[in-house]
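Visitor: In the numbering used here, each residue carries its 1-based index in the sequence shown increased by 52.
This is the structure I have questions about; it appears just below.
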Amino acid sequence: MKKFNIRKVLDGLTAASSSSSSSNAASGNRENDMIQETLQSEHFQLCKTVRHGFPYQPSSMAFDPVQKILAIGTQTGALRLFGQAGVECYCQHESGSAVIQLEFLVNEGALVSALADDSIHLWNLRQKLPAILHSLKFNRERITFCHLPFQSKWLYVGTERGNIHIVNVESFTLSGYVIMWNKAIELSSKTHPGPVVHISDNPMDEGKLLIGFECGIVVLWDLKSKKADYRYSYDEAIHSVAWHHEGKQFVCSHSDGTLTTWNIRAPAKPAQIITPHGKQPKDGKKPEPCKPILKVEYKTTRAGDPFMILCGGLSYDTVGRRACLTVMHGKSTAVLEMDYPIVDFLTLCETPYPNDFQEPYAVVVLLEKDLVLIDLAQIGYPIFENPYPLSIHESPVTCCEYFADCPAEVIPALYSVGSRQKRQGFSKKEWPINGGNWGQGTLSFSEIIITGHADGSIKFWDASALMLQVLYKLKTAKVFEKPRSKEEKYSTEIVDEDPFAIQILSWCPESRVLCVAGVSAHVIVYRFSKQEVTTEVVQLLEVRMPCELNEVESPECGGEQASAVTTPGTSSSPQTSLPQSHPSTSSNNSSDGLRDNVPCLKVRSSPLKQSAGYQVELLIQLVWVSGEPPQQITSLAVNSAYGLVAFGSGNGLAVVDYLQKTLIVNVSTAELYGSTDPHHRQPHSPRKTRQPSAGLCDGNDASAAPEEKCKSPTTDARDNSFSRSRSSSVTSIDRESREVISSFNFCDWLSKKSESVAVPSLWVGTSLGSMLAIALTVPSTPEQRMLQPVGVSFCGPVVRLKGGILRMAQLDASGTLLPHVYESWYEPNAPEEEREQPRRRRPTSPSSSQENPDCQYAVVCSEKQAKVVALPSQNCVYEHNITETSFVLRADVVTLTTGVGIACFCANGHIMTLSLPSLRPLLDVNYLPLTDMRIARTFCFSNQGQALYLTSPTEIQRITYIQETCDNLQEMLGELFTPVETPEAPNRGFFKGLFGGGAQSLDREDLFGEVSAGKASRSLAQHIPGPGGMEGMKGAASGVVGELARARIALDERGQKLGELEERTAAMMASGESFSKHAHDIMLKYKDKKWYQL
């Protein structure tokens, strides 16, 4: 193998030697003839699939009571739509401005959004991926409030100047009809009334419009006569207005915490003034002012008292109290505390008609970080169990892993133990937001997402079929003692906050062994069990990682030649031979008073009750060394077939036998090379700076120190410098002096040409581009495995690349990816006689020939390039420079239906795929510029062409990079709009229909149309056609199903109109018969009488 001569690392670029072996090229050509690759560029295409999680920074909400669809707008211009569980949709306004209001065209499959940039948009929801049909941009006035009456095509738009404009939502053009503020208020008023904060039409008379101004003035405007009928004035500013369904009363909420009730025909003073949370003085004075009531809703019931629901209005002396929703029903008042501030709330009612008894049954409360649904029909107002995956951000996500094509039995096993963790006390009713339909197409493989969080919790999610459902939650912090208060923090902690935060995850789906590394330099190995156990003493292994080269005394740990073998207990560390029950305190301080041999966290001393699910097998803690804190763990790997876990840091690496609970390798990085170390490094100590864990959490990304922000986000290379995109040569030089363990790979390989059977080994990747190998001698039988030690021999470097090593994998002679070796799952808590014999790995015997003795390939991908190395000859047969100007953040060797390849995500936003083994570029798309370390830290690829990343602190964005999934995406996505009949209008009764009364309709077309109202000023607003216009709306529901649905709706509407006509005709006939009968009776009564007898 050719040796590389690294001269220096500057600006993040690692230069390789200029010499290139001709034999490698010849070998590459020979291998190319032998292996037929199936992956082609036409197999790849990149597209977003679905977004999960809670909408980040929500700002508005709307509900379609017929379609049962909920819409949420955000401050970043995003639009999230929710139907039944599994029916979700994400859209984005191009401007990115905050969505200030949403209005559904009820049962029409359309939605109007109003944005903070004074634009309104019409969304078509009749297609699986909603699109904007029309937009209208106001130029001279700021939009403050919108109102779209039920079954109307005219949208009222209130502005900051106090004017109201009217928009035709079909053509998205302005009407010439305008309500000017100076005509609405009294002429004698000398001050401007402020912005329009409310618009609504009288439930019983569409010709009467109620307008609320911020200053406290409310106007009842007659649309036909174009003048104000009544004006209602109050001293305090108005926040919201709500009608009684009979249209004779309305309620206003004010800035002083009061509610005023007005009779529409008595504008002089309110009929009632109440302060729901105000203290009533005994002397009859006005109650003390309270905080503003931001919103009130007034809903009536046919059988009982009305509901008055409001948010805000608490007294000022409730400092620090959480946000509350108040439900007033008859004489009872319930104050419901929320976990986060309230953004908006909506009352869900049985009828969409505003002029009927509302019959409220639930309240949707949109909080800053949660969505809550309250059941109004049950005593105590319990909440509904939320079926959406909105708890991703319950604690900030610090790492993420994605597994596609998992064993079929894993998801049911996790679900069975996770179902026991569910909270109790939910409403017994079904989730009422249940519109839409699931997609028809499904993916044939199961998918699992694992998220690690800042509080030490780990969540398993079922991500199959473009859905997301939490399966199981594990709390790793239970293993440790928790400080009782913030002042009681341990002096040994190396992070300022979130000491239990999860940093790296390693999971074996087949054996269900889980290994996690935390920011406090600890590693926990978990096994999965279906039985509950109580652990009296947590098995603990303390590891003293070498800090300086001269501190390591063990001659077997790399100082000898590559064939040297270490055995357990040979390290100089005093805590390596036997597991401990808790940190030893006998050597907490060295002779010079420095902190020594103490871990960062105290282990739980009391018995630990472990429920069915993941249970602690072993806790490993790195300890302080001579006053120096342990370095954070940068790489982690677990293998169930060998029973080993490997972890590395800036100081070196350690390998632990978690079956025997012993440390078998504990060496510095330089000792891995032995005499072949190309760097000639001087002894050094780790930096003494405390390492805040805030860099893992989303809220502090911007304020983190530059060096902390440079931490590589990939789970296998935690210390790769991110600042190379900023051309920081200082960081690069520092990296050369500190070689960090960046990745691991357990596998069976041929280390020598003379070997015929592949032997267990550990491949080690470093931040300076070296791939090294460690051969392992694992006892073959289960009995021997528990008694004999695991042997270790260091094989030295295998290959060198530019940039830190991110991923290593293994191919067989045919170019097929060799799966990782594993042990099938068995119940660890079963009695010995009942325990099934575990099916352990079998050593593979690769076939080789005299012409080509190489029968394996090592695939190595770094931040800069990828190489394929033939084994055991260690000749580089293929090489590809992935990027020159940027660097790879995440790389994975993935299995697709058509072959095997490498998927890469670069810091410049490019997503690329390469074929294997020839490393041909197949896809290169500039997808996502890296604007946030959160994306870099959580981006991960999976098999079958799937990938994901955390697009915001609360949301997961899933993407696909294969053509087949992109082609089938429309089938797999759910439908938001389904043909549903609009409920019948409330029956007005015979006498109201005959003699008048009831709801009064208004011909808005005649009033607001161009013929009568004229044209609006062109400079007032600019019309912007959407991508498809009305043709897009027609084409969106194309096909037989769409046409049939529209025809059915048209027939239903026609039948409904014919039915109404029939009812009116029958009423007129009955009236005519009655009149005829009365006339006949009168005629008979008077027919025989003379005129003077009358």
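Cβ coordinates follow ideal geometry from the N, Cα and C atoms, glycine included.
(1) With respect to the alpha helix (DSSP H) encompassing phenylalanine 359, which residues constitute its N-terminal and C-terminal limits?
(2) Would the beta-carbon of valine 977 fall within 8 Å of that of leucine 98?
(3) Grouping DSSP H, G and I as helix and E and B as strand, with all else coil, what is serine 496?
(4) Keeping to the same chain, check which residues put their C-beta closer than 6 Å to that of asparagine 995; ignore five residues upstream and five downstream.
(5) Could you tell me if alanine 162 is buried or exposed, where buried requires 16 or more neighbouring beta carbons within 10 angstroms of its beta carbon?
(6) Which ranges would you report for the beta strand (DSSP E) in the region 323-409 if only whole runs of at least 3 residues count?
(7) Over what stretch of residues does the alpha helix (DSSP H) that includes tyrosine 467 continue unbroken?
(8) Go to leucine 839, then tell me how far its alpha helix (DSSP H) extends in each direction, as first and last residue.
(9) Taking its Cβ as the centre, do 16 or more other Cβ atoms sit within 10 Å of glycine 356, making it buried, or is it exposed?
(10) If you draw a straight line from the alpha carbon of histidine 95 to that of alanine 465, how long is it in whole angstroms?
(11) For threonine 528 and chain D, any beta-carbon pair shorter than 8 Å?
(12) Which residue or residues does DSSP assign as beta-bridge partners of lysine 661?
(13) Straight-line CA distance for leucine 1059 to aspartate 274?
(14) Taking just the CA atoms, how far does threonine 686 sit from leucine 820?
(15) Measuring alpha carbon to alpha carbon, tell me which of Gly726, Tyr392, Thr310, Gly700 ends up nearest leucine 346.
(16) Beta-carbon separation of serine 663 and serine 876 under 8 Å?
(17) Among Gln684, Ala386, Pro406, whose alpha-carbon lies nearest the alpha-carbon of tyrosine 350?
(18) How big is the Cα-Cα spacing for valine 271 and arginine 989?
(19) Ends of the beta strand (DSSP E) at asparagine 718?
(20) Looking only at its chain, what residues have a beta carbon closer than 8 Å to the beta carbon of cysteine 198, apart from the 5 residues adjacent to it on each side?
(21) Determine the extent of the beta strand (DSSP E) in which isoleucine 793 is found, giving its start and end residues.
(22) Using 8 Å as the Cβ pair cut-off and three pairs as the minimum, do the region 476-492 and the region 423-435 touch?
(23) For a test of the three-state rule: what should DSSP assign to methionine 597, helix, strand or coil?
(24) Tell me which same chain residues have a C-beta within less than 6 Å of the C-beta of lysine 1137, skipping the five on either side of it?
(25) What are the boundary residues of the beta strand (DSSP E) that includes cysteine 198?
(26) Measure the beta-carbon distance from threonine 312 to valine 248 and round it to whole angstroms, keeping in mind my assumption that it falls under 8 Å.
(27) Rounded to the nearest angstrom, what separates leucine 1025 and glutamine 998 at their Cα positions?
(28) Per DSSP, which one or two residues make a beta bridge with glutamate 1027?
(29) Is it buried or exposed for glutamate 258, if we count other Cβ within 10 angstroms and need 16 for buried?
(30) Measuring straight from C-alpha to C-alpha, what distance separates phenylalanine 798 and leucine 863?
(31) Suppose only complete runs of 3+ residues qualify. What are the beta strand (DSSP E) ranges in the region 662-709, listed by chain order?
(32) My understanding is that glycine 704 touches methionine 597, with C-beta atoms under 8 Å, so please give their C-beta distance in whole angstroms.
(33) How about cysteine 956 and cysteine 452: are their beta carbons less than 8 Å apart?
(34) Flag this pair as yes or no: are the beta carbons of alanine 573 and proline 682 separated by less than 8 Å?
(35) Quick check: what's the CA-CA separation for glycine 246 versus threonine 126?
(36) Tell me which same chain residues have a C-beta within less than 7 Å of the C-beta of serine 447, skipping the five on either side of it?
Guide: Taking the structure as given:
(1) Segment 359-364 is the beta strand (DSSP E) holding phenylalanine 359; no alpha helix (DSSP H) there.
(2) yes
(3) coil
(4) Ala456, Asp457, Val946, Thr947
(5) buried
(6) 324-326, 345-351, 359-364, 376-381, 384-389, 394-401
(7) 462-470
(8) 834-839
(9) exposed
(10) 34 Å
(11) Protein chains in the displayed structure number just one, and chain D is not present.
(12) Thr586
(13) 12 Å
(14) 14 Å
(15) Thr310
(16) no
(17) Pro406
(18) 55 Å
(19) 714-720
(20) Gln153, Glu155, Val164, Ala166, Ile172, Leu207, Tyr208, Val209, Gly210, Ile251
(21) 793-801
(22) yes
(23) coil
(24) none
(25) 195-199
(26) No, threonine 312 and valine 248 are not in contact; Cβ-Cβ is about 18 Å, not under 8 Å.
(27) 15 Å
(28) Asn489
(29) buried
(30) 13 Å
(31) 665-674, 687-691, 696-700, 704-709
(32) 6 Å
(33) no
(34) yes
(35) 26 Å
(36) His505, Ala506, Asp507, Ser509
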